[in-house]
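Student: Numbering (this note's numbering), first residue to last: 2 to 92. Backbone N, C-alpha and C define an ideal beta-carbon position, used for all residues, glycine too.
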Amino acid sequence: MNTLHVKKNDMVVVLSGEDKGKVGKILATYPEKGRVLVEGVNLVRKALRKSQDNPKGGIIAKEAPIAAAKVMLQERYEMRKKRRQAPAAQV
């Protein structure tokens, strides 16, 4: 069984790729594939077939899973950022 460093409803920051720097909530995790679904990140356009619910059909933007290694918990990211901005200790 594979485990991930994040879980559903965690706030994360995207570390690399097209959506680098974006913050979002984890909507779903896929530990067997090592991927996570993040709100508002990695949007893909999906064509909808005409149906009774959607008589016109059309195209919608929908989140697609990204690699779990590309995200970090927001609080850990903020701590890392603060630590890097601190002045170096004088010897």
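Buried or exposed: which applies to residue 59, given that a residue is buried once 16 or more other Cβ atoms fall within 10 Å of its Cβ?
Tutor: Position 58 of the sequence shown, counted from the first residue, corresponds to residue 59. Result: exposed.
Student: Throw me the rounded Cβ distance for the residue 40 and residue 64 pair, which I believe falls under 8 Å.
Tutor: Residue numbering aside, residue 40 sits at position 39 when the sequence shown is read from its first letter. Residue numbering aside, residue 64 sits at position 63 when the sequence shown is read from its first letter. Rounded, the Cβ-Cβ distance is 7 Å, consistent with contact.
Student: Looking at residue 13: is its Cβ nearer than 7 Å to the Cβ of residue 86?
Tutor: Counting from 1 along the sequence shown, the entry for residue 13 is found at position 12. Counting from 1 along the sequence shown, the entry for residue 86 is found at position 85. Going by C-beta atoms, residue 13 is not nearer than 7 Å to residue 86.
Student: Opposite residue 37 in the DSSP bridges: which residues?
Tutor: Numbered from its first residue, the sequence shown carries residue 37 at position 36. According to DSSP, which records beta bridges pairwise, residue 37 is partnered with 30 and 67.
Student: Hey, would you say residue 71 sits closer than 7 Å to residue 17, going by beta carbons?
Tutor: Sequence index remark: in the sequence shown, residue 71 carries index 70 (1-based). Sequence index remark: in the sequence shown, residue 17 carries index 16 (1-based). For residue 71 and residue 17, yes; Cβs fall inside 7 Å.
Student: Can you find the residues in the same chain that come closer than 8 Å, C-beta to C-beta, to residue 35, ignoring five residues on each side of it along the sequence?
Tutor: For the purposes of this step, residue 35 is taken as the residue at position 34 of the sequence shown. The answer, listed in chain order, is 3, 5, 68, 69 and 70.
Student: Residue 78 to residue 53, Cα distance in whole Å?
Tutor: If you number the sequence shown from 1, residue 78 lands on position 77. If you number the sequence shown from 1, residue 53 lands on position 52. Distance between the alpha carbons of residue 78 and residue 53 is about 45 Å.
Student: Please confirm if residue 27 has its CB atom under 7 Å from at least one CB of chain B.
Tutor: Going by chain labels, chain B is absent from the structure shown, which holds only one protein chain.
Student: For residue 46, which three-state DSSP category applies?
Tutor: Walking along the sequence shown from the start, residue 46 turns up at place 45. Looking at residue 46 - three-state DSSP - the assignment turns out to be strand.
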